[in-house]
Every structure is written in structure tokens, then in C-alpha cells.
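As C-alpha cells, the structure follows; a few thoughts come after it.
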Amino acid sequence: MVEQKFVAYKCRSCGRVMNPKHDRCLTCKGMEFDEIELPKVGKLVTYTKLYALPQGIEALPPLTLGIVDFDGVRVLGQLTTDEPAIGMSLRPVWGKIRKLNDKDIYGFKFEPVS
Ligand SMILES: [Zn+2]
-18 MVEQKFVAYK CRSCGRVMNP KHDRCLTCKG MEFDEIELPK VGKLVTYTKL YALPQGIEAL
42 PPLTLGIVDF DGVRVLGQLT TDEPAIGMSL RPVWGKIRKL NDKDIYGFKF EPVS
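Numbering (the working numbering), first residue to last: -18 to 95.
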């Protein structure tokens, strides 16, 4: 499996940092971005558990989604733990997130750092 870089995208016009990438900056509609590296470890800001999962997600409910803060950049993603705690340290791991029309979709999940 190809190792993916965990990065964010910084707008060249206004400096807003986004993850995931959008075609246009959410603040100024700018279309040029620089990739910036994010810290290896983030902190859990908040989380929610989903008991009714959208079709195509290969996981047994509940699915835990969290918002993880990487030096001020907040990223939404699945957590690999069923026992999240606000403020816990998490690191991004690349893996299969779900199937969509029989195609595997890959993305980052967040795993507790012990
Ligand atoms: Zn901008």
C-alpha cells in the first residue's frame, strides 16, 4: 500500500488552511494552495458515535467520528477506537474507509497514540 502524506492546503491569497482540499478557498475563493505538513499527532476535540451507518460503510456500528486538531487545523475522520476521550492524542493512519459502488475508498483514520 502506498504511504500517503498527511497534509493540509494553505490558500495563497488569504492563508486559510484546509483539509480536505477544496477547489476554491472557503474564505476568499482563491484557487491556489500550498501543501503544508501537519504534525504527526493531534488532539481529539470532539467526537460522535453513529449507530445508523450510511450504506457502503464496512464497519459494525457504532462508528466513531472525531474532529482532531493538528496545530489549529481541524480534521474530521473516523477513529479506530470505541473509547474516545476528549484531548486524547491521535495519529493519522491510511486505510480503507468504505466501499462505494464496489470501489474501495481510502482515507485517513485516527488511531490513539499510546
Ligand atoms: Zn483564501
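For each residue, glycine too, the CB sits at the ideal point set by N, CA and C.
Remember, it's a predicted structure, so these values are computed and weren't measured experimentally.
Status (buried if at least 16 other CB within 10 Å, exposed otherwise) for residue i
i: residue 2; result: exposed
i: residue -11; result: buried
i: residue 81; result: exposed
i: residue -5; result: exposed
i: residue 36; result: exposed
i: residue 94; result: exposed
i: residue 47; result: buried
i: residue 59; result: buried
i: residue 68; result: exposed
i: residue 45; result: buried
i: residue 53; result: exposed
i: residue 9; result: exposed
i: residue 7; result: exposed
i: residue 57; result: exposed
Residue interval of the beta strand (DSSP E) (run including residue i)
i: residue 93; result: 84 to 93
i: residue 15; result: 14 to 18
i: residue 51; result: 44 to 51
i: residue -10; result: -12 to -8
i: residue 101; result: With the chain running from -18 to 95 in the structure shown, residue 101 is simply not present.
i: residue 29; result: 23 to 31
i: residue 60; result: 54 to 60
Within 7 Å, strictly: CB atoms of residue i and residue j
i: residue 89; j: residue 73; result: yes
i: residue 13; j: residue -7; result: yes
i: residue 91; j: residue 71; result: yes
Below-7 Å beta-carbon distance, residue i vs any chain D residue
i: residue 16; result: This model lacks chain D altogether, as it is built from one protein chain only.
Task: Residues passing the C-beta test against ligand 1 heavy atoms, cut-off 6 Å - done: -8, -6, -5, -3, 6, 8, 9, 11
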